[in-house]
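Right, one structure below, let's go through it.
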Amino acid sequence: LWDVRTGGPPQLLTPASDCHKESVSDIKWISSKTGLEFFSGSLDGKLMYWDARNLDTPTSQMEFNENPEDSNNDNMYNITSIEYDATS
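The sequence shown runs 1 to 88 under full-length UniProt numbering.
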C-alpha cells in the first residue's frame, strides 16, 4: 500500500509467498470500525481479506476453482470484480 500523503516508497509490503500471483483486478474497502479492512480479487482466482494494519499475510482467503480437487489449480476462475454488502 502507498500513502499518497507522504509519497515515496510503499508503506507496507506483503511477502510474495502470501500475496496474489496474478494481477489484482479489484479492491473493495469495507465499512468497519477501523476502516482498514478490505478485500482483493485477482486473476489468480483468489479472494483475499486483509487488515491494513497487518499486511504480512491475508486475514483469510478463498480460492475459486472449477475443480476443487485439482491440486495444480489449473482451472481457477478469474476474479474481475468484487461486490460486498454488509447487511447480508
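Glycine residues also receive a C-beta, built at the ideal position from the N, C-alpha and C atoms.
DSSP on residue i, reduced to helix/strand/coil?
i, result
"residue 85", "coil"
"residue 66", "coil"
"residue 75", "coil"
"residue 56", "coil"
"residue 50", "strand"
Within this structure, are the beta carbons of residue i and residue j separated by less than 7 Å?
i, j, result
"residue 18", "residue 82", "no"
"residue 65", "residue 76", "yes"
"residue 20", "residue 51", "no"
"residue 41", "residue 79", "yes"
"residue 31", "residue 49", "no"
"residue 10", "residue 2", "yes"
For residue i, which residues in the same chain have their Cβ closer than 6 Å to its Cβ, ignoring the five residues on either side in sequence?
i, result
"residue 62", "47"
"residue 24", "40 and 42"
Could you name the residues of the same chain whose beta carbon sits closer than 7 Å to that of residue i, not counting the 5 residues immediately before and after it, in chain order?
i, result
"residue 28", "38, 39, 82 and 84"
If you drop the 5 nearest sequence neighbours on each side, which residues of the same chain put their C-beta closer than 8 Å to that of residue i?
i, result
"residue 86", "30 and 31"
Which complete alpha helix (DSSP H) runs does the region 8-45 hold, if anything under 4 residues is left out? none
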